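Notes follow once the structure below has been shown.
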Amino acid sequence: MTRPYAPRPRWWVDVAAVLFCLAFVAGLMLLLSEVTWAVRMDVAIRDWVDSHRPAPMFWLARILNFLGQGTPLAVLTGLAAAYLAYRKKTIRPLVVFVAAYFAVGGVIGPIKLWTDRYAPHTLPGTEKLGPPYPTVEQSDFFQFDKAMSFPSGHTVNAVVWYALLLAFLVPLFPKLDRYRLWIRLVPPVIVTWSMTYLAFHWFTDVLAGLALGIIIERVFFRLPWERVPLPARLERREG
Numbered sequence: 200m201t202r203p204y205a206p207r208p209r210w211w212v213d214v215a216a217v218l219f220c221l222a223f224v225a226g227l228m229l230l231l232s233e234v235t236w237a238v239r240m241d242v243a244i245r246d247w248v249d250s251h252r253p254a255p256m257f258w259l260a261r262i263l264n265f266l267g268q269g270t271p272l273a274v275l276t277g278l279a280a281a282y283l284a285y286r287k288k289t290i291r292p293l294v295v296f297v298a299a300y301f302a303v304g305g306v307i308g309p310i311k312l313w314t315d316r317y318a319p320h321t322l323p324g325t326e327k328l329g330p331p332y333p334t335v336e337q338s339d340f341f342q343f344d345k346a347m348s349f350p351s352g353h354t355v356n357a358v359v360w361y362a363l364l365l366a367f368l369v370p371l372f373p374k375l376d377r378y379r380l381w382i383r384l385v386p387p388v389i390v391t392w393s394m395t396y397l398a399f400h401w402f403t404d405v406l407a408g409l410a411l412g413i414i415i416e417r418v419f420f421r422l423p424w425e426r427v428p429l430p431a432r433l434e435r436r437e438g
């Protein structure tokens, strides 16, 4: 394996996608730094889904939400990377995996810590669940130093880990490429719906997570991993 497996568009397509997503996230953060229409929309969506969530739909969304669970996805992707490394006699798939693991945490964590946004069902002033829930005036950024709702880590996971999982598996099981579009798109769409419908995150949290996931994924698929310098001992074992 050199670069993670995927049909690669022209470089300017990736650059445009990354710049658009960066601008999108920056715009969202500006809108959420005070009470604006975006904050009111988030609260309206939360209130609507809270009043339109019958038990069967709740459990369906709850089960599907596990598609974005970070730890199981990371473990599964790590195992796939290790197996590919073993089969191809190269450590590089594991280098990609470890770099992605730290990239996801390194992008999500600082933003969550800085923005201090309550989750939709948080009891204001605490880390516990309500009711009461945050009002419009309590749903923008910089509300409580232990609040970490923005962005949604689940949606970042759904974009990044499924893309890399496919990248590590297709060289070993080429027939999986037939389902590439489904594997890449369906989990993020489902997680976006489930996180919003369950009000685990605000809708704008989820949108930001998708955009940040695309940024990480596009950068990783563009980097020349086959030329990343390795320690001499590992270089000698390549191939």
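Numbering (the working numbering), first residue to last: 200 to 438. Using N, Cα and C, we set each Cβ at its ideal position, and we do this for glycine too. Here the structure is a predicted model, which means the values were calculated and not measured.
Residue 357 is not a Cβ neighbour of residue 416, given a cutoff of 8 Å. In this structure, the beta-carbon distance from residue 252 to residue 319 does not fall below 8 Å. For residue 287, the uninterrupted alpha helix (DSSP H) run begins and ends at 269-287, by DSSP. With fewer than 16 other CB atoms across the displayed protein chains lying within 10 angstroms of its CB, residue 226 is exposed.
At the C-beta level, residue 292 and residue 280 come within 8 Å of one another. Cβ-Cβ separation between residue 390 and residue 264: approximately 7 Å, consistent with a contact (criterion under 8 Å). Boundaries of the alpha helix (DSSP H) around residue 357: 352-368. DSSP places residue 403 in the helix class (H, G or I) of the three-state scheme.
Following the DSSP letters along the chain, one finds residue 237 inside the alpha helix (DSSP H) bounded by residues 236-249. Going by C-alpha positions, residue 414 is about 7 Å away from residue 220. Under the DSSP assignment, residue 305 falls in the alpha helix (DSSP H) whose first and last residues are 291-314.
Relative to residue 257, the option among 299, 347, 288, 394 whose CA is nearest is 394. Nearest to residue 250 by C-alpha distance, out of 430, 428, 397, is 397. When DSSP states are grouped into helix, strand and coil, residue 334 belongs to the coil group.
The beta carbon of residue 350 lies closer than 7 Å to those of 307, 310, 404, 407, 408, 411 in the same chain, with the five residues before and after it left out. Taking a 10 Å sphere around the C-beta of residue 330, we find fewer than 16 other C-beta atoms and assign the residue as exposed. Taking each of 336, 371, 287 in turn and checking the Cα distance to residue 243, the smallest one comes out for 336. Counting along the chain, no alpha helix (DSSP H) covers residue 322, and no H or E run does either. With contacts defined by Cβ atoms closer than 8 Å, residue 317 and residue 341 do not form a contacting pair.
Only buried fits residue 260, as 16 or more other CB atoms lie within 10 angstroms of its CB.
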